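Chemist: Residue numbers (the numbering used here), protein chains in the order written: chain A, 791 to 1025; chain B, 791 to 1025.
Ideal placement from N, C-alpha and C gives every residue a C-beta, glycine not left out.
Every value quoted in this text rests on a predicted model; they were computed, and no experiment measured them.
My questions will all concern the structure given below.
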């Protein structure tokens, strides 16, 4: 039995990592007098990793980590004007129009007609709500969970709250680490739709021979997969 | 009929504004070479107000607004070391131990024995989860909603989800603007428990002669009020 389909948001339904990368390029240009590009990216990633437990996921924490890294790599010599540019770059990310990925609307709409569909996403509360509202997909979802992390217990709670339990649920997303592996651990199906760009802190190896793991190139194949999983004897 | 009691968190169950004020004092000291204290507070408040639609509520947005204000009032001359101090002050807020207000634990426990009790709070997702976990109150609540804003429709949804609708619900909190007025507008009871310190952006006038508005000096009077409202004919 499969009753409930959960979608990740960033880089599953709409572009996200692209804007982080563009902002990091801008950050690298701003700091070019103070640090080599490769070294700078390492220091920024180290700051993001160090701060994750305090800031959580999202643009605000990313902006704070960029500022911290700028001070660190310049040994306190970065001009305030550069910090101001970093603040502005972060605010631009929070204002960026939502750019849906191919097949996102059609896939969610097709599944919403026959199953419960929910959105499970990490990130800043207000920013994720804004993107969902701008996406035009908001009315299709039976439930929305903006969570501080994606763990098996988070998925168990979300699919119990909005569906009939994680074992009758399927989660689709671009992150093996956040969308697929913890959903498999919660007893559900996990479908990986790779995105060209993956943040270093979201890297993970795929599961080996797991009967509930599937992978597809884009969302267009999801309705057929779900139909087959939901009614396997009709195949 | 009254079935469900909603609690605000910051400055209702535990101290919060105190730490914001202490951080603002530190911010004022750090910027004393660049700006007069009163002027600085005005500029910071203006930045917080301007950024609220982008950053939402919470410590991360407050930290970003302090940095923006420091650059602005110094016309770009603030040293990076001062920005580093502001970052550190923000991180300290995110690590500060939770300090429960008087009667918080006893009141929530007493009401949880007879009613559904829920927590409805604004702020950064991870930070609010951390404070709830540290408060020791987490297991008492039947539901927790961390929301980007407190509006009548947010209360209608939260009390429908976890209770029997806003008209059979009561919300208690220190903010007339966020905890009381929108809950009254949603058709529920609103109980104001003033806190000595109120952020300028949370100021509002009390309702006039509203039959479902109550005020009390601290949480200890809440169980008796709720008992009277829930069973008015037994009085």
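Does any C-beta atom of chain B lie closer than 8 Å to the C-beta of residue 952 (chain A)?
Modeler: In the first chain, the residue the question calls residue 952 (chain A) occupies position 162. For residue 952 (chain A), the answer is no, since every Cβ of chain B falls outside 8 Å of its Cβ.
Chemist: Inspect the CB distances between the segment 811-827 of chain A and the segment 857-865 of chain A and report whether three or more fall short of 8 Å.
Modeler: Output reads yes: the segment 857-865 of chain A touches the segment 811-827 of chain A.
Chemist: In the DSSP assignment, find the alpha helix (DSSP H) that holds residue 791 (chain B) and state where it starts and stops.
Modeler: Within the second chain, numbered from 1, the residue matching residue 791 (chain B) stands at position 1. Here residue 791 (chain B) belongs to no alpha helix (DSSP H), and DSSP marks it neither H nor E.
Chemist: State the DSSP-derived secondary structure class of residue 800 (chain B), mapped to helix, strand or coil.
Modeler: Within the second chain, numbered from 1, the residue matching residue 800 (chain B) stands at position 10. Strand, per DSSP.
Chemist: Measuring straight from C-alpha to C-alpha, what distance separates residue 871 (chain A) and residue 877 (chain A)?
Modeler: Position 81 of the first chain, counted from the first residue, corresponds to residue 871 (chain A). Position 87 of the first chain, counted from the first residue, corresponds to residue 877 (chain A). Whole-angstrom Cα-Cα distance: 10 Å.
Chemist: Check whether the Cβ atoms of residue 933 (chain A) and residue 959 (chain A) sit closer than 8 Å, and answer yes or no.
Modeler: Position 143 of the first chain holds residue 933 (chain A). Position 169 of the first chain holds residue 959 (chain A). For residue 933 (chain A) and residue 959 (chain A), no; Cβs fall outside 8 Å.
Chemist: Who are the neighbours of residue 907 (chain B) on chain A, taking C-beta pairs under 9 Å?
Modeler: Translated into positions along the second chain, residue 907 (chain B) becomes position 117. Going along chain A, no residue has its Cβ under 9 Å from residue 907 (chain B), so there is no contact; the nearest lies around 18 Å.
Chemist: Decide if the segment 908-919 of chain B is in contact with the segment 834-846 of chain A; the criterion is three or more beta carbon pairs, one per stretch, under 8 Å apart.
Modeler: Touching, yes.
Chemist: Is any beta-carbon of chain A found at less than 8 Å from that of residue 943 (chain B)?
Modeler: Stepping through the second chain from its first residue, residue 943 (chain B) is reached at position 153. Judged by the 8 Å Cβ criterion, residue 943 (chain B) is not in contact with chain A.
Chemist: Should residue 903 (chain A) go down as buried or exposed, given a rule of 16 or more other Cβ atoms within 10 Å for buried?
Modeler: Walking along the first chain from the start, residue 903 (chain A) turns up at place 113. So residue 903 (chain A) counts as exposed.
Chemist: Taking CB distances under 8 Å as the criterion, tell me whether residue 1025 (chain B) reaches chain A.
Modeler: Position 235 of the second chain, counted from the first residue, corresponds to residue 1025 (chain B). The pLDDT assigned to residue 1025 (chain B) is 45, lower than 50, so where the model puts this residue is not dependable; a value taken from the coordinates is nonetheless given after this. Answer no: the Cβ-Cβ gap between residue 1025 (chain B) and chain A never drops below 8 Å.
Chemist: Work out the CA separation of residue 794 (chain A) and residue 794 (chain B) for me, nearest whole Å.
Modeler: Locating residue 794 (chain B) in the second chain gives position 4, counting from the first residue. Locating residue 794 (chain A) in the first chain gives position 4, counting from the first residue. Distance between the alpha carbons of residue 794 (chain B) and residue 794 (chain A): 29 Å.
Chemist: State the CB to CB distance for the pair residue 963 (chain A) and residue 798 (chain A), rounded to an integer number of angstroms; the pair is presumed to be in contact (CB under 8 Å).
Modeler: As a first step, residue 963 (chain A) is located in the first chain; it is residue number 173 there, counting from the start. As a first step, residue 798 (chain A) is located in the first chain; it is residue number 8 there, counting from the start. Indeed, because the Cβ distance is near 3 Å, the residues count as touching under 8 Å.
Chemist: Take residue 849 (chain B) and list the residues in its own chain whose beta-carbon comes closer than 8 Å to its own, dropping the five residues that flank it on each side.
Modeler: As a first step, residue 849 (chain B) must be located in the second chain, where it is residue number 59. Around residue 849 (chain B): 880, 883, 884, 913, 914 and 917.
Chemist: Which residues in the same chain have their Cβ closer than 6 Å to the Cβ of residue 1019 (chain B), if we skip the five residues on either side of it in sequence?
Modeler: Counting from one through the second chain, the residue named residue 1019 (chain B) turns up at place 229. The answer, listed in chain order, is 792.
Chemist: Report the three-state DSSP secondary structure of residue 874 (chain B) (helix, strand or coil).
Modeler: In the second chain, the residue the question calls residue 874 (chain B) occupies position 84. Reduced to three states, the DSSP call for residue 874 (chain B) is helix.
Chemist: Checking contacts by CB at 8 Å: is residue 794 (chain A) closer than that to chain B?
Modeler: By 1-based counting over the first chain, the position of residue 794 (chain A) is 4. Output row for residue 794 (chain A): interface = no.
Chemist: Please list the partners that residue 853 (chain A) has in chain B, where partner means a Cβ-to-Cβ separation under 8 Å.
Modeler: Taking the first chain and counting its residues from 1, the one referred to as residue 853 (chain A) is at position 63. Within chain B, the residues near residue 853 (chain A) are 854.
Chemist: Starting from the beta carbon of residue 867 (chain A), find every residue of chain B whose beta carbon is closer than 7 Å, and list them in chain order.
Modeler: In the first chain, counting from the first residue as 1, residue 867 (chain A) sits at position 77. Simply 870.
Chemist: I need the straight-line Cα distance from residue 796 (chain A) to residue 887 (chain B), nearest angstrom please.
Modeler: On the first chain, position 6 is the one that residue 796 (chain A) refers to. On the second chain, position 97 is the one that residue 887 (chain B) refers to. Going from the Cα of residue 796 (chain A) to the Cα of residue 887 (chain B) covers about 35 Å.
Chemist: Looking at the structure shown, is residue 1003 (chain A) part of a helix, part of a strand, or coil, going by DSSP?
Modeler: Position 213 of the first chain, counting from 1, holds the residue named residue 1003 (chain A). Here residue 1003 (chain A) sits in strand by DSSP.
Chemist: In terms of residue numbering, what span does the alpha helix (DSSP H) encompassing residue 858 (chain A) cover?
Modeler: The residue you call residue 858 (chain A) lines up with position 68 of the first chain. 849-863 is the span of the alpha helix (DSSP H), which, as asked, contains residue 858 (chain A).
Chemist: Which one of B:951, B:864 and B:967 has the shortest CA to CA distance from residue 906 (chain B)?
Modeler: One-based indexing of the second chain puts residue 906 (chain B) at position 116. Comparing Cα-Cα distances from residue 906 (chain B) to each of B:951, B:864 and B:967, the minimum goes to B:951.
Chemist: Are there 16 or more other CB atoms within 10 angstroms of the CB of residue 991 (chain B), so buried, or fewer, so exposed?
Modeler: Walking along the second chain from the start, residue 991 (chain B) turns up at place 201. It counts as exposed.
Chemist: For residue 961 (chain B), which residues does DSSP report across the bridge?
Modeler: Position 171 of the second chain, counted from the start, is the residue given in the question as residue 961 (chain B). DSSP output for residue 961 (chain B) lists B:796 and B:980 as bridge partner(s).
Chemist: How about the segment 826-833 of chain A and the segment 935-951 of chain A: do they share at least three Cβ pairs that are nearer than 8 Å?
Modeler: No: the two stretches stay apart, fewer than three of their Cβ pairs being nearer than 8 Å.
Chemist: Considering just the uninterrupted stretch of the beta strand (DSSP E) at residue 833 (chain B), what are its terminal residues?
Modeler: To locate residue 833 (chain B), count along the second chain from 1; it is residue 43. Here residue 833 (chain B) belongs to no beta strand (DSSP E); instead the alpha helix (DSSP H) covers 827-845.
Chemist: Here's the rule: buried if 16 or more other CB atoms are within 10 angstroms of the residue's CB, otherwise exposed. What is residue 865 (chain B)?
Modeler: Counted from its first residue, the second chain places residue 865 (chain B) at position 75. Residue 865 (chain B) is exposed by the Cβ-count criterion.
Chemist: Measure the C-alpha to C-alpha separation of residue 1002 (chain A) and residue 980 (chain A) and round it to an integer number of angstroms.
Modeler: The sequence position of residue 1002 (chain A) within the first chain is 212, counting from 1. The sequence position of residue 980 (chain A) within the first chain is 190, counting from 1. Going from the Cα of residue 1002 (chain A) to the Cα of residue 980 (chain A) covers about 6 Å.
Chemist: Which residues, taken in chain order from the segment 806-834 of chain A, show a beta carbon closer than 7 Å to some beta carbon of chain B?
Modeler: Per Cβ criterion, the list is empty.
Chemist: Less than 8 Å between CB atoms is the rule here; does residue 881 (chain B) satisfy it with respect to chain A?
Modeler: For the purposes of this step, residue 881 (chain B) is taken as residue 91 along the second chain, with counting starting at 1. It does: the Cβ of residue 881 (chain B) has a partner Cβ on chain A nearer than 8 Å.
Chemist: Residue 925 (chain B) and residue 1026 (chain B) - do their beta-carbons sit closer together than 8 Å?
Modeler: Any property of residue 1026 (chain B) remains undetermined from this structure, which presents chain B solely from 791 to 1025.
Chemist: For a cutoff of 8 Å on Cβ pairs, would you count residue 844 (chain B) as touching chain A?
Modeler: To locate residue 844 (chain B), count along the second chain from 1; it is residue 54. Answer yes: the Cβ-Cβ gap between residue 844 (chain B) and chain A drops below 8 Å somewhere.
Chemist: Can you tell me which of the three DSSP states residue 909 (chain A) falls into?
Modeler: Within the first chain, residue 909 (chain A) is the residue found at index 119, counting from 1. Here residue 909 (chain A) sits in strand by DSSP.
Chemist: Is DSSP giving residue 868 (chain A) helix, strand or coil here?
Modeler: For the purposes of this step, residue 868 (chain A) is identified with residue 78 of the first chain, where counting begins at 1. Three-state result, residue 868 (chain A): coil.
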